[in-house]
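Peer 1: Residue 1 is where the sequence shown starts when you use UniProt numbering, and the numbers rise one by one after that. Take this structure, written in structure tokens, and hold onto it; I'll ask about it next.
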Amino acid sequence: MKLLRGVNLNKFSVEIETERLIIRPLQKDDYLSWITQFGNRMPSQHKYDEGKIDMSICSEKWFVDLIEKHQQMALDDKVYVFGIFRKEDNAHLGAIDFSTILREEYQWARFGYTIHNQFWRKGYGREAVNAALQLGFEELKYHRIEAHINIDNIPSIKLAESIGMKFECIRKGFIYEFDEWADNLIYYINSK
Numbered sequence: 001m002k003l004l005r006g007v008n009l010n011k012f013s014v015e016i017e018t019e020r021l022i023i024r025p026l027q028k029d030d031y032l033s034w035i036t037q038f039g040n041r042m043p044s045q046h047k048y049d050e051g052k053i054d055m056s057i058c059s060e061k062w063f064v065d066l067i068e069k070h071q072q073m074a075l076d077d078k079v080y081v082f083g084i085f086r087k088e089d090n091a092h093l094g095a096i097d098f099s100t101i102l103r104e105e106y107q108w109a110r111f112g113y114t115i116h117n118q119f120w121r122k123g124y125g126r127e128a129v130n131a132a133l134q135l136g137f138e139e140l141k142y143h144r145i146e147a148h149i150n151i152d153n154i155p156s157i158k159l160a161e162s163i164g165m166k167f168e169c170i171r172k173g174f175i176y177e178f179d180e181w182a183d184n185l186i187y188y189i190n191s192k
């Protein structure tokens with residue numbers, strides 16, 4: 001894997017490459033690939049898969065505003081959002097995000113991952129998440145990274161376990177979604 005970092009005080013720019021993927025912040029030129037792959041999604045495959053969603057408000061201007069919001073959150077060390085792109089054709093495969101929970105002596109973050117369902121079962125999720133963890137530890141300088149996973153989200157649990165994350169606990173009534181407070185499994189991995 002190859003890590004690349006841009007130096008510019010007004011712009012966050014870190015990327016990592018794997019054999020098949022590039023993981024980096026979204027750029028203005030990504031709009032067509034991004035909107036196309038959202039449009040190519042299949043219907044929802046399970047409860048935690050959004051499937052096809054209404055993208056009608058997502059104009060190029062809306063996309064540029066989204067990128068600027070992502071940039072500001074990264075510069076504020078709050079949230080880092082990365083697009084996952086296939087090297088061979090620049091197809092937007094999904095996204096990975098890190099949210100800083102606490103810095104100082106903890107260096108602690110939560111991360112999430114999603115792959116558009118038309119790209120499932122090809123190993124992209126595992127490849128992207130492995131690379132993103134390296135980026136989280138080496139570039140974002142986190143010591144502990146957690147995944148907060150719904151108890152019945154089997155694909156996400158399997159992915160977390162396949163990359164070496166360890167189950168720690170169940171946090172009861174941890175997140176409000178689907179009109180109720182839901183329990184989450186907490187998986188974690190620490191830097192070496």
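Even glycine gets a Cβ: it sits at the ideal position worked out from N, Cα and C.
Per DSSP, what kind of secondary structure is residue 154 in: helix, strand or coil?
Peer 2: Residue state, collapsed to three classes: helix.
Peer 1: Go ahead and label residue 93 buried or exposed: buried means 16 or more other beta carbons lie within 10 angstroms of its beta carbon, across all protein chains shown.
Peer 2: With 16 or more other Cβ atoms within 10 Å, it is buried.
Peer 1: Taking the CB atoms as reference points, tell me whether residue 21 and residue 85 lie closer together than 8 angstroms.
Peer 2: Going by C-beta atoms, residue 21 is nearer than 8 angstroms to residue 85.
Peer 1: To the nearest whole angstrom, what separates the beta carbons of residue 174 and residue 140, a pair I think is in contact under 8 angstroms?
Peer 2: Not a contact, Cβ separation roughly 23 angstroms.
Peer 1: How is residue 56 classed by DSSP in three states: helix, strand or coil?
Peer 2: Residue state, collapsed to three classes: coil.
Peer 1: Just the Cα atoms here: how many angstroms apart are residue 40 and residue 89?
Peer 2: Approximately 15 angstroms between the Cα atoms of the pair.
Peer 1: Using only CA atoms, which one of 114, 128, 176, 35 lies nearest to residue 155?
Peer 2: Comparing Cα-Cα distances from residue 155 to each of 114, 128, 176, 35, the minimum goes to 114.
Peer 1: Run the CB neighbour count on residue 83, radius 10 Å, all protein chains shown included, and call it buried at 16 or more, exposed below.
Peer 2: With 16 or more other Cβ atoms within 10 Å, it is buried.
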